[in-house]
Each structure stands twice: as structure tokens, then as C-alpha cells.
Amino acid sequence: MSDGRDIIAQAVAEAASRYGFRGVRATNFYREWPETICLVNIQRSAWGPQFYLNAAVWFRRFGPERRPKEYKCQIRWRIGSPMEGDQSKAFTQALDLEHPLAADSRHSLIEAGADGYGFALLSRCETEQEALRVADEAGPLVAVALKARMQEKVN
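With the first letter of the sequence shown counted as 1, position 27 gets the number 216 in my numbering; the numbers rise by one all the way through.
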């Protein structure tokens with residue numbers, strides 16, 4: 190990995206460890222509960238040196254996925270989406286490796302964002318009901334699959 194990518198991965202890993210998430214291939218961080226699997230994914234832009242942090246929740250009743258892909262999960266959001274104003278701008282710039290920023294500043298901005306808007310929210314998603322509550326609190330910034338709103342269990 191490049192130095193910038195290493196900083197991003199290290200910052201996310203440090204936030205992940207505080208909440209009991211485990212890293213897989215330095216780009217995915219998972220935590221499992223009886224009803225849900227929560228994850229944070231580091232995604233590189235196809236168009237340049239910009240990265241994104243995605244958070245997601247998989248409902249186990251929809252299948253026995255051990256390591257679900259973020260884009261297949263029932264609840265998903267970009268970690269920077271719930272941020273506002275200057276915080277959102279600073280976080281986006283920290284994830285853009287073309288933006289000039291000291292390594293320690295980049296690291297702390299990414300770690301704080303991953304912590305507060307990723308892992309802290311996901312740590313509340315132990316059950317489907319709690320995951321849906323977190324999604325409702327964030328409003329339209331969180332994508333929730335309609336099938337996740339169905340309360341009956343699939344056999």
C-alpha cells in the first residue's frame with residue numbers, strides 16, 4: 190500500500206479495535222452479533238486517489254453470509270454523509286490523497302470520522318431493531334432495503 194493508503198487503513202483499524210471490529214485484508218472490518226453483522230469498508234475511487242468509508246449492516250435472517258459485501262447489506266451509508274459543514278469538508282479532504290495534508294492531521298481526521306460516524310453507530314446495531322433505529326435517526330442519509338423493514342422471519 191502507498192503511504193497515504195497506509196494512513197487511512199491504520200486510522201480506520203485503530204478506531205475499529207476500540208469497538209471490537211476485526212480487520213480482513215486491511216480494507217474491511219467486521220463485527221458479528223447473533224442477529225447482525227456490521228462492517229466498515231475502505232473503498233478507493235475508480236477516478237482518482239479519493240477514498241470512501243462505507244458502513245453497513247447485514248441481517249443474518251437473509252442468509253448465512255460470514256463476510257457480506259457492503260453493497261449487498263440491508264443498511265448502508267457513507268461515513269462522511271451524516272457530517273455537516275466544515276467537518277464533512279475536512280473528512281472528505283483527508284480521504285483525498287491529492288489534497289495536501291500533514292500525515293498526522295489526515296490520520297486523526299479519518300480516525301475521528303470512522304469512530305463517530307461509523308463504528309460508534311454500528312456498535313449500537315446488535316439487533317435488527319436497533320439497526321433500524323440507527324438508520325431512522327440518520328434519516329435519508331442511510332439506505333435501508335425495503336426487505337429489511339419486513340418484520341417476519343424468512344424460513
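For every residue, glycine included, the Cβ atom is placed at its ideal position computed from N, Cα and C. Keep in mind the model is a prediction, meaning the values are calculated, not measured.
Return the CA-CA distance between residue i and residue j, expressed in angstroms with no decimal places.
i      : j      : result
Leu284 : Val229 : 15 Å
Val323 : Cys314 : 7 Å
Asp293 : Phe308 : 21 Å
Leu298 : Arg249 : 32 Å
Ser206 : Phe240 : 20 Å
Val333 : Ile196 : 30 Å
Ala235 : Glu326 : 31 Å
Tyr208 : Thr216 : 16 Å
Asp275 : Gly193 : 22 Å
Leu321 : Gly328 : 10 Å
Glu341 : Leu310 : Note that Glu341 scores a pLDDT of 37, beneath 50, so its modelled location is shaky; the value from the coordinates is reported in the next line. When rounded, the distance between both Cα atoms is 25 Å.
Asp179 : Ala279 : Residue numbering for the chain in the displayed model covers 190 to 344; residue 179 lies beyond these limits and cannot be assessed.
Val213 : Ala204 : 15 Å
The alpha helix (DSSP H) with residue i in it runs from where to where?
i      : result
Phe280 : 274–283
Would the beta-carbon of residue i fall within 9 Å of that of residue j?
i      : j      : result
Phe251 : Lys336 : yes
Thr316 : Glu221 : no
Pro253 : Leu286 : no
Ala200 : Glu300 : yes
Tyr219 : Ile268 : no
Among the residues of its own chain, which have a CB less than 7 Å from the CB of residue i, if the five just before and after it don't count?
i      : result
Glu259 : Leu228, Asn230, Asn243, Ala245, Arg265
Ser270 : Leu330
Cys262 : Ala245, Val246, Trp247
Gln232 : Phe240, Tyr241, Asn243
Looking at residue i and the ligand ATP, is the gap between the Cβ and the nearest heavy atom below 8 Å?
i      : result
Asp285 : Summarising the ligand content, the structure contains no ligands, and the ligand ATP is consequently not present.
Please return the same chain residues whose Cβ sits closer than 6 Å to the Cβ of residue i, not counting the five positions on each side in sequence.
i      : result
Arg255 : none
Glu319 : Arg313
Arg295 : Ile196, Ala283
Within the continuous beta strand (DSSP E) that includes residue i, where are the two ends?
i      : result
Gln263 : Element bounds for Gln263: n/a, residue is neither H nor E.
Leu298 : Here Leu298 belongs to no beta strand (DSSP E); instead the alpha helix (DSSP H) covers 292–303.
Those runs of the beta strand (DSSP E) which lie wholly inside the region 213–240 and span at least 3 residues: 217–221, 225–233
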